[in-house]
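Colleague: Let me begin by handing over the structure; questions about it come next.
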Amino acid sequence: MSKVIMVGPYHPALLEPELYEVTVRDKKIVDVGIKQGYTHRGIERLMETKSFHQNIILAERICGLCSQAHSCSYCQTVEGLFGVEIPERASYIRALVFELERLHSHYMWLALLFHTLGDEQRFIKIIDARERLMDLFELVCGNRVHYSINALGGVRRDLKPEAARRVKTLLPELERLTEDIMRALKSAAPKLEGKGPLSKEEALAYGVVGPVLRASGVKSDIRRDDPYAAYGEVDFEVITEDGCDVLARALVRARETHESADIIQQLLGGLPAGDIKTEVGKPPAGEESGRVEAPRGELIYFIRSNGSNIPERVKLRPPTYMNDRAVVEMLREQELIDLPVILESLDRCISCTNRLTVIDERTGKRRFVSLTDLKRGTS
Amino acid sequence: MKEIGIYRLDVGSCNGCDIEVLSALAPRFGLAKLGVKFVDEPSEASVLLVTGVPTVKMREPLKQVYEKLRDPKLVVAVGACALAGEAFEDSYSIDGMTDEVIRVNVYVPGCPPSPQAIVGALAEALGIKPKVWSAPQGFRGYPQVDAEKCTGCGACEQVCPTRAIELIDGEEKRTVKFKYEKCISCATCEEACPEDAIEMAAERPPPTRDRKAIGTSVEVGLAKCLDCGTPFVPSRQLRALSDRIVSNVGEYKALRDEIERAASICAKCRGEIENLRKAKVLLLELTEALS
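Those protein sequence lines, which keep their order, are chains A and B. Residues 1 to 379 in the working numbering are what the first sequence spells out, letter by letter. Residues 1001 to 1291 in the working numbering are what the second sequence spells out, letter by letter.
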């Protein structure tokens, strides 16, 4: 007998609402359907009503966790359209904030992974350690989330020596946190190994991006493949894992925090002096696209201008758009009880599971099951 | 004592507020001292944290969750989106603000509000005296306007991405209104202000029970058109304009009064033959002054 389960909106740990229709037979998942659009705010359309400058702020507000990725990608694309080169110092600061963001995003994800596994103590521990990092954002950018540091033609805030010093002193502390997480992942490995498999071929076929792709053994990273900001100047390893499962995805992210800390060290060491902003001039007519490696993977912007100060069209392709679909492969033949951790492993930027509607396939009857019950395996 | 359940619902946020709500669980913010805990079911909670601007698709779920809450059904709207829709107010997928769907008790302004502000708002909603946190070095708060320097030119209103700044022209005065309910502390206005009259305060905004009440405003007198008598431009702006022209081009100093007079004619009257003639004369004089 099989039944359809609706994994519907909201949970305090998972972030945004989305609906999954999960068909289950004998507690094993047979098929998954995805319904999106619960937090659709019509941003692409709104961007066609605001000026190029105002849209930086709007791009940032597409996602709280990838705020720098969005605004950086947007600014880069517009700068490409205008034909402007940003000062070297500005590109270093952009990359620095980018890596700090990757750190806080990855730590948040790792914390949520332990929360999903029921390890509340470690969840709180990582969140607490992450706070030291968040304090730095206030010093460097002026706000914890939504930094508003990018401007067309550079950055808006210079990195003060005091801020640079504090970033530097925090790095060893973050390294220790990463080591701690790696140890914890090792002991949690039996719960994660083999869950939500996505083979290299499937990953390529679905076009997944970012840590999910790298966890399936594909060496792909926009920072290396198509360097932007100051990434051409730094040396780092593109982390891959061959496990193709939840554990591999966790390891990729944990090891990436180590790389990010290393990149920050290099950026601070080589930070050139000079201006932080250039004039961008008047917008020409034309088209341009740009991409960055957001914490969740490749993020693409396309902008068309008709020569006015308002873009004619802005199109973006966020990483979760590609990754979310692969959930069908990952969940197939998996135990229903593993559903939360597999969904979590994607680090979706549109998420959320708590209340489930269970539909009996034969009778069509629905019943609601809480995620807590699901975790206990009582559904 | 039994802990009070809190339920968080995202009705269309960018995640920013949600991760800050999550960060509020860090021990340093003392959330546990309030005797609250986050729960997984609305029916176990009596406090609802709403983040984001309610999209058309989430209006119904929002109502349902509110109905399921335990009494006294306290609602805290977190962030500029939940307060007044931030930059998304005009979107086709938005139809009314949070407090038009359900009753909201406490509003937390900010984009996103810091965990300190969220914990403070929860305390306020529960009737506990909140701990006051000072803002750290480098913090970008809300715009403060120097009433002495502001000329009422409206540059800030032009650039504000969320339309948090409004110009209201009366008979005698222009009011420049800064609505903190929509403000996202991006400092775009600070950058655009030609008079350096705007500065971002290094303070965390406190929670409020009336979202429309928070903000600041400046009043500047309006000058009347010399021809038709309609008030059309702040007199201070006229002054600042001629100041700037004279300081940039020293040769125009002698013609200052005439420049100011020419600028004191409204756009409609400028097209009158008599005014066009005067403007032509002034232009000739300006050219002469340079040679």
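Think of the CB as a built atom: it goes at the ideal place given N, C-alpha and C, for glycine as much as any other residue.
#1: Can you tell me whether B/D1071 is buried or exposed, with buried defined as 16 or more other CB within 10 angstroms of its CB?
#2: With a 10 Å radius around its C-beta and 16 neighbouring C-beta atoms as the bar for buried, classify A/D221 as buried or exposed.
#3: For A/A248, collect the residues of the same chain with a Cβ closer than 8 Å to its Cβ; drop the 5 residues on either side in sequence, then sort them by chain order.
#4: Within 8 Å (strictly less), CB to CB, does A/H146 reach chain B?
#5: Straight-line CA distance for B/D1010 to A/T116?
#6: Measuring alpha carbon to alpha carbon, tell me which residue in B/C1189, B/E1285, B/K1073 and B/Q1237 is nearest B/K1173.
#7: Identify every residue that forms a DSSP beta bridge with B/T1216.
#8: What's the gap between the Cα of A/S289 and the Cα of A/S305?
#9: Assign A/Q121 to buried or exposed, taking buried as 16 or more other Cβ atoms, counted over all protein chains shown, within 10 Å of its Cβ.
#10: Just to confirm the assignment: which complete beta strand (DSSP E) runs, minimum length 3, are found wholly within the region 1065-1103 of chain B?
#11: Looking at the secondary structure, which residues open and close the alpha helix (DSSP H) in which B/D1196 lies?
#12: If you check the beta carbons only, do B/P1207 and B/V1053 fall under 8 Å apart?
#13: Roughly how far, in whole angstroms, is the beta-carbon of A/V314 from the beta-carbon of A/N55, given that I think they are within contact range, below 8 Å?
#14: On the DSSP bridge list, what partners appear for A/S305?
#15: Give the straight-line distance between the Cα atoms of B/V1119 and A/E259, rounded to the nearest whole angstrom.
#16: Quick check on DSSP: helix, strand or coil for A/V358?
#17: Is A/P284 near A/L81, with beta carbons less than 8 Å apart?
#18: Determine, using beta carbons only, whether B/P1112 comes closer than 8 Å to chain A.
#19: Should B/L1290 go down as buried or exposed, given a rule of 16 or more other Cβ atoms within 10 Å for buried?
#20: Is the distance from the Cβ of B/G1188 to the Cβ of A/I93 below 8 Å?
#21: Is it right to say B/V1281 is buried, meaning 16 or more other beta carbons lie within 10 angstroms of its own, or is it exposed?
#22: Between A/P17 and chain B, is any beta-carbon pair separated by less than 8 Å?
#23: What is the residue span of the alpha helix (DSSP H) that A/T116 lies within?
#24: Mind listing the chain A neighbours of B/V1132? Cutoff is C-beta to C-beta under 9 Å, in chain order.
#25: In three-state DSSP terms, what is A/Y321?
#26: Using the beta-carbon of each residue, which ones in chain B are nearer than 7 Å to A/K50?
#27: When the Cα atoms are used, what is the spatial distance from B/I1214 to B/S1134?
#28: Could you run through the region 66-78 of chain A and flag, in chain order, every residue whose CB is less than 8 Å away from some CB of chain B?
#29: Which same chain residues, not among the five before or five after A/L152, have their C-beta less than 8 Å away from its C-beta?
#30: Could you list which residues in chain B have their beta carbon closer than 7 Å to that of A/E138, in chain order?
#31: Quick check on B/P1109: does DSSP put it in helix, strand or coil?
#32: To the nearest angstrom, report how far apart B/E1157 and B/E1166 are at their CA atoms.
#33: As an exercise, report each continuous alpha helix (DSSP H) stretch of at least 4 residues that is fully enclosed by the region 40-67 of chain A, in chain order.
#34: Can you list, in chain order, the residues of its chain with a C-beta nearer than 8 Å to that of A/E287? Leave out the 5 residues immediately preceding and following it.
#35: With a Cβ-Cβ cutoff of 8 Å, do A/R102 and A/P318 count as a contact?
#36: Below 8 Å on C-beta distance, what does A/D135 contact in chain B?
Modeller: Well, looking at it:
#1: exposed
#2: buried
#3: A215, S216, E241 and D242
#4: yes
#5: 19 Å
#6: B/Q1237
#7: B/F1178
#8: 12 Å
#9: exposed
#10: 1074-1078
#11: Neither: B/D1196 is in no alpha helix (DSSP H) and is coded neither H nor E.
#12: no
#13: 7 Å
#14: A/G286
#15: 34 Å
#16: With a pLDDT of only 40 at A/V358, under 50, the local geometry of the prediction cannot be trusted, and no value is derived from it.
#17: yes
#18: yes
#19: exposed
#20: Reading off the sequence shown, one finds Thr at residue 1188 of chain B, where the question assumed Gly. No, they are not a contact pair.
#21: exposed
#22: yes
#23: E88 to T116
#24: Ordered by position in chain A, no residue passes the 9 Å Cβ test against B/V1132, which lies about 17 Å from the chain.
#25: helix
#26: P1161
#27: 19 Å
#28: S67
#29: F52, H53, I56, C75, V78, E79, F82, V84 and V280
#30: P1136, G1138 and F1139
#31: coil
#32: 6 Å
#33: 43-47 and 54-60
#34: L81, F302, I303, R304 and S305
#35: no
#36: P1136
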